[in-house]
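Residue numbers (this note's numbering), protein chains in the order written: chain W, 1 to 380; chain A, 381 to 678.
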Amino acid sequence: MAAGLDGLSTHFLGRGVAHSESERSRLSGDIDATERGAIRFLSNMNAETGDFRAAIVGLGKMGILHACLLSVMPEVRIAAIVERRHPLLMVSRRMFPLAHPVNNVEDLDGMDLDAVFVTTPIRYHFPICKSVLSLGLAKNLFVEKTLASNACEGQEIIRLARTRGAVVMVGYQRKFGVTFRKARELLHSGNLGDLESFEAYALSSDGLRAGENGHAGDARDGVVRDLGSHAISLATWFFGKLQVRDCSCEPADRSRSEHSADVTVHGESGLIGQFRFSWMSEGYRMPEVGIRMRGTNAAIEANDDFVKLATENGEQKTWYRHDLNDEVDFLLGGPEYFREDGFFVDAVKSGRDLGPELSEAVEVERIIDDALARAGKDSS
Amino acid sequence: MTRPILLVGDNPFLGISHLSQERARGRSRSPSTSGAAAEIVIAGVENGADGFMFSLGDTTLSILEEVGKRMSLDGLKLVPLIPYAYDWVRLATFNGGVFGIGRQYARRLVQSVDAHALWHGAQGLLRADIAEMLSSYVALELRRLKKVQGGAQVTAVMLHEVLTDLALALNLEDIFRKYVGLLRSRGIRPGLETRNFALLVQRLREWRIDTGTLWIAAPFNRAGFQMTASRIDCERALASLPGGVVIAMSIFAAGYLSRRDAIEYVQQLPHLGGVVVGVSSVSQAQETFRMLRRVLGK
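Encoded structure:
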């Protein structure tokens with residue numbers, strides 16, 4: 001079996017997934033020194049360039065999480081909170097006494113922000129991103145997944161970002177999970193042989209808990225865009241471009257958000273993929289995202305907790321988070337969130353290009369649009 | 381370690397496994413959960429455990445009630461974690477986010493008919509004062525616990541790690557100070573659960589909050605699992621802590637370490653006041669607590 005990263009370029013060159021040296025470094029399952037030490041690294045950099053000033057738009061649980069993680073990073077400052085609901089804005093005054101609480105994104109004008117973190121419901125992402133970039137309210141953007149409500153909006157955000165020279169990153173935090181990074185390393189090291197198929201899933205019991213057969217989900221986007229986007233993002237990160245062949249959703253009626261969906265896709269060189277998304281699955285205390293992939297020589301299974309490699313000759317190896325250097329400098333909500341925020345802040349401060357990050361996020365939008373269109377659903 | 385406090389943890393009863401959600405799902409299918417869980421708690425106590433540490437919620441209260449039906453609760457140490465943050469966070473997903481949590485909280489306040497909780501809760505909501513809201517919430521939850529605790533003693537009340545670490549990240553000294561003050565005024569030892577032990581110890585020292593009567597629960601294990609920022613940082617912080625009771629959690633690194641490796645590691649830690657271990661069967665409870673008591677001291 002091929003081991004290490006040496007076999008990577010030869011194996012995948014034929015599929016158009018060749019990688020540069022820096023990309024190979026990013027593929028490593030183990031968190032490298034730069035990411036692990038992002039805080040200390042930043043600390044050195046900011047001594048010369050001053051505080052990194054961030055605004056949080058939307059003080060929901062993701063907004064609070066990002067604000068907390070940013071707050072522990074040296075020389076990173078929450079400069080403003082944008083929240084339309086007055087009681088939450090009042091709470092924000094207590095939680096962030098040094099931040100300016102404002103009602104509208106436009107009120108961020110003149111605050112000299114390095115970045116805006118958009119953590120509102122998805123339907124507000126596009127107008128907020130557009131305002132931030134077109135009005136020059138901040139130099140850079142971090143947007144919680146998904147980037148927008150459809151691929152057209154995503155493309156427009158890319159266009160504006162390029163015009164402004166902005167760093168834009170989308171919060172698919174599982175790319176910073178050690179198990180998924182290890183899985184990608186194994187895949188790109190040629191361990192599988194020729195890739196044949198994959199199954200990816202994103203499942204939770206949230207809809208069951210909400211009662212009324214998950215109809216509470218109508219209050220937000222459907223499961224494909226909301227929870228499923230994590231699995232789609234991982235699949236595009238692993239396998240590159242995917243084309244939707246088929247999609248079925250429950251409930252099927254056009255006007256209602258789907259709580260479950262099955263999507264079939266195909267990729268390059270005959271790769272067949274299957275997605276299963278649902279927030280009506282029994283027994284999922286927490287949402288779970290995972291992927292299984294099969295090649296001619298072996299199979300890989302990865303989820304938030306572990307990655308398993310099983311070869312054709314019966315050998316099996318499992319790596320848990322414990323085995324993959326999962327330490328971070330501050331733990332809240334999962335180590336991957338801290339790594340993700342550190343990576344973004346570091347990229348902004350160092351002017352580092354995030355590579356295909358943004359175009360991958362738009363690719364996720366396109367797959368969601370295509371899947372929902374195949375199922376006869378409106379893409380919001 | 382002087383005679384350590386041994387506590388039965390509740391993770392397996394709530395379908396939690398930090399090693400694998402797959403394993404946790406296997407557990408959650410077990411039948412007659414409250415009764416079976418009560419038997420496990422009792423097996424732990426009969427083999428050396430001093431009490432039960434649990435996220436205070438409907439499931440754990442019903443387990444405690446079942447324990448009370450099967451044995452005397454007199455002298456049993458109870459260490460509740462408040463609030464059961466998981467429930468609130470998952471609620472937020474489908475019930476209007478953080479704003480929805482606020483509505484739920486207000487509804488529970490009104491339904492409580494508890495003058496102290498209502499007063500502090502109303503003050504907290506009107507002034508958006510998180511410490512006041514927390515104060516009323518603690519009062520509400522202790523009232524729920526009182527109904528089933530019998531002769532058991534509430535040894536300490538731990539602030540759940542999500543709130544502790546959130547307040548820690550935001551440097552909200554006021555929350556810690558008011559929480560500690562509130563519990564001390566009620567004659568209860570205040571506790572803090574955290575996954576950021578080293579930073580918490582550093583901040584408590586900076587804020588000059590007396591750790592003498594404080595309980596702190598944090599991960600300690602040979603694998604360094606969830607020991608933030610690192611195992612060494614946490615060990616140094618533990619060695620430097622001037623007082624208080626530190627309870628080691630995740631000593632098996634969520635099932636990753638053998639029983640022998642796990643116990644040997646905590647045995648050599650200075651200043652450790654006790655351990656909390658979640659067990660998922662009666663035989664596991666018997667073997668684990670018997671060994672813990674034998675190795676860590678009677």
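From the three backbone atoms N, C-alpha and C, an ideal C-beta is built for every residue, glycine too.
Fill in: chain A within 8 angstroms of W/R15, Cβ atoms only
By 1-based counting over the first sequence, the position of residue 15 of chain W is 15. For W/R15, the predicted structure reports a pLDDT of 27, less than 50, and the residue's modelled location is therefore unreliable. The matter cannot be settled from this model.
Fill in: Touching by the beta-carbon criterion (3+ pairs, under 8 angstroms), the region 53 to 70 of chain W and the region 80 to 87 of chain W
yes
Practice prompt. Name the two residues that bound the continuous beta strand (DSSP E) containing W/S278.
Written response: The residue given as residue 278 of chain W occupies position 278 in the first sequence. From DSSP, the beta strand (DSSP E) with W/S278 extends over 272 to 278.
Discussion item. Using only the alpha-carbon positions, how far apart do W/R94 and A/P650 sit?
Written reply: Translated into positions along the first sequence, residue 94 of chain W becomes position 94. Translated into positions along the second sequence, residue 650 of chain A becomes position 270. Rounded to the nearest angstrom, the two C-alpha atoms are 37 angstroms apart.
Worksheet item: Rounded to the nearest angstrom, how far is the Cβ of W/A231 from that of W/F198, given a contact under 8 angstroms?
Response: Residue numbering aside, residue 231 of chain W sits at position 231 when the first sequence is read from its first letter. Residue numbering aside, residue 198 of chain W sits at position 198 when the first sequence is read from its first letter. 10 angstroms between Cβ atoms; not a contact.
Practice prompt. Determine the extent of the alpha helix (DSSP H) in which W/T236 is found, giving its start and end residues.
Written response: Locating residue 236 of chain W in the first sequence gives position 236, counting from the first residue. Unbroken alpha helix (DSSP H) run through W/T236: 229 to 239.
Practice prompt. Determine which residues share a DSSP beta bridge with W/D262 and list them.
Written response: Along the first sequence, one-based indexing puts residue 262 of chain W at 262. According to DSSP, which records beta bridges pairwise, W/D262 is partnered with W/S248, W/R276.
Practice prompt. With distances taken Cα to Cα, identify the nearest neighbour of W/V168 among W/E106, W/R77, W/A200, W/V362.
Written response: Position 168 of the first sequence holds residue 168 of chain W. When only C-alpha atoms are compared, the closest one is W/V362.
Worksheet item: Would you call the CB atoms of W/T119 and W/G193 closer than 8 angstroms?
Response: Position 119 of the first sequence, counted from the first residue, corresponds to residue 119 of chain W. Position 193 of the first sequence, counted from the first residue, corresponds to residue 193 of chain W. Contact: no.
Item to complete: Below 8 angstroms between beta carbons is the criterion; list the residues of the region 564 to 576 of chain A that meet it against any residue of chain W, in chain order.
Response: R575, N576
Fill in: Neighbouring residues, chain W, relative to A/I510 (Cβ below 9 angstroms)
Working through the second sequence from its first residue, we reach residue 510 of chain A at position 130. Here the neighbours are V91, R94, M95.
Fill in: Own chain residues within Cβ distance below 7 angstroms of W/G283, not counting five before or after
Along the first sequence, read from residue 1 onward, the residue named residue 283 of chain W stands at position 283. Closer than 7 angstroms at the Cβ level, and outside the excluded window around W/G283, lie S205.
Discussion item. Run through chain W and tell me which residues come within less than 8 angstroms of A/T608, C-beta to C-beta.
Written reply: Translated into positions along the second sequence, residue 608 of chain A becomes position 228. By Cβ distance, chain W contributes E327, V328, D329, F330, L331.
Practice prompt. To the nearest angstrom, report how far apart A/Q666 and A/G428 are at their CA atoms.
Written response: As a first step, residue 666 of chain A must be located in the second sequence, where it is residue number 286. As a first step, residue 428 of chain A must be located in the second sequence, where it is residue number 48. Approximately 9 angstroms between the Cα atoms of the pair.
Worksheet item: Does A/A536 get closer than 8 angstroms to chain W when you measure Cβ to Cβ?
Response: The residue given as residue 536 of chain A occupies position 156 in the second sequence. Output row for A/A536: interface = no.
Worksheet item: Closest Cβ-Cβ distance between W/H100 and chain A: below 8 angstroms?
Response: Translated into the one-based positions of the first sequence, residue 100 of chain W becomes position 100. Cβ-Cβ to chain A under 8 angstroms: no for W/H100.
Worksheet item: Helix, strand or coil for W/S25 per DSSP?
Response: The residue labelled residue 25 of chain W in the question sits at position 25 within the first sequence. Since pLDDT at W/S25 reaches only 41, below the 50 mark, its modelled position is unreliable, and no value is offered.
Practice prompt. Could you name each continuous alpha helix (DSSP H) segment of 4 residues or more that falls completely within the region 82 to 121 of chain W, going from the start of the chain to the end?
Written response: 86 to 95
Worksheet item: Any idea if A/T382 is buried or exposed, counting beta-carbon neighbours within 10 angstroms, 16 or more meaning buried?
Response: Reading the second sequence from its first residue, position 2 is the one you call residue 382 of chain A. It is exposed - the Cβ of A/T382 has fewer than 16 other Cβ atoms within 10 Å.
Fill in: Residues of its chain near A/M433, where Cβ-Cβ distance is below 6 angstroms and the 5 sequence neighbours each way are ignored
In the second sequence, the residue the question calls residue 433 of chain A occupies position 53. Result list for A/M433: L387, G389, V459, V656, in chain order.
Worksheet item: Under a three-way DSSP split, which group does W/M62 fall into?
Response: The sequence position of residue 62 of chain W within the first sequence is 62, counting from 1. Looking at W/M62 - three-state DSSP - the assignment turns out to be helix.
Fill in: Complete alpha helix (DSSP H) runs within the region 553 to 636 of chain A (minimum length 4 residues, chain order)
553 to 565, 577 to 587, 611 to 620
Worksheet item: Are any of the Cβ atoms in chain W nearer than 8 angstroms to that of A/A633?
Response: As a working note, residue 633 of chain A is residue 253 in the second sequence. It does; some Cβ of chain W falls within 8 angstroms.
Worksheet item: Do A/F579 and W/F330 have their CB atoms nearer than 8 angstroms?
Response: Taking the first residue of the second sequence as position 1, residue 579 of chain A is located at position 199. Taking the first residue of the first sequence as position 1, residue 330 of chain W is located at position 330. Note that residue 579 of chain A is Leu in the sequence shown, not Phe. Yes, these two residues count as a Cβ contact at 8 angstroms.
Worksheet item: Whose C-alpha, out of W/S257, W/R181, W/G240, is nearest the C-alpha of W/I272?
Response: Residue numbering aside, residue 272 of chain W sits at position 272 when the first sequence is read from its first letter. For the residues W/S257, W/R181, W/G240, the minimum Cα distance to W/I272 belongs to W/G240.
Item to complete: Closer than 7 angstroms by beta-carbon distance: list the chain W residues that pair up with A/A617, in chain order.
Response: What you label residue 617 of chain A is simply residue 237 of the second sequence in a count that begins at 1. What A/A617 touches in chain W: nothing, since even the nearest Cβ is about 14 angstroms away.
Discussion item. Is W/R40 close to chain A? Criterion is C-beta to C-beta, closer than 8 angstroms.
Written reply: Against the first sequence, residue 40 of chain W aligns to sequence position 40. Unreliable placement is indicated for W/R40, whose pLDDT of 39 sits below 50; the coordinate value is still reported in the next sentence. No, its Cβ sits nowhere closer than 8 angstroms to a Cβ of chain A.
Discussion item. Residues of chain A with CB closer than 7 angstroms to the CB of W/C68, please, in chain order.
Written reply: Here residue 68 of chain W is taken as the residue at index 68 of the first sequence, counted from 1. L546, A549, L550, listed in chain order.
Worksheet item: Any idea what DSSP makes of W/N191, helix, strand or coil?
Response: On the first sequence, residue 191 of chain W is found 191 positions in, with the first residue counted as 1. Three-state DSSP puts W/N191 in coil, outside helix and strand.
Practice prompt. Give a yes or no on whether the C-beta atoms belonging to W/V116 and W/V132 are separated by under 8 angstroms.
Written response: By 1-based counting over the first sequence, the position of residue 116 of chain W is 116. By 1-based counting over the first sequence, the position of residue 132 of chain W is 132. Yes, they are a contact pair.
Discussion item. As a quick exercise: from W/K130, W/L108, W/V224, pick the residue whose alpha carbon is nearest that of W/R256.
Written reply: Position 256 of the first sequence, counted from the start, is the residue given in the question as residue 256 of chain W. Looking at the Cα atoms, W/V224 is the closest of the given residues.
Worksheet item: For W/N213, which three-state DSSP category applies?
Response: By one-based count along the first sequence, residue 213 of chain W stands at place 213. Note that W/N213 has pLDDT 44, beneath the 50 cutoff, so the model's placement of it is unreliable and no number is given.
Discussion item. So, with DSSP's three-state summary, where would you put W/P127?
Written reply: If you number the first sequence from 1, residue 127 of chain W lands on position 127. W/P127: helix per DSSP, three-state reduction.
Practice prompt. Give a yes or no on whether 8 angstroms exceeds the smallest Cβ distance from W/S278 to chain A.
Written response: Position 278 of the first sequence, counting from 1, holds the residue named residue 278 of chain W. For W/S278, the answer is no, since every Cβ of chain A falls outside 8 angstroms of its Cβ.
Practice prompt. Compare the C-beta of W/Y394 with all C-beta atoms of chain A and state if any pair is closer than 8 angstroms.
Written response: Residue coverage of chain W in this structure runs from 1 to 380, which leaves residue 394 of chain W outside it and unanswerable.
Worksheet item: What is the residue span of the alpha helix (DSSP H) that A/S452 lies within?
Response: Here residue 452 of chain A is taken as the residue at index 72 of the second sequence, counted from 1. Premise fails: A/S452 is in no alpha helix (DSSP H) and is neither H nor E.
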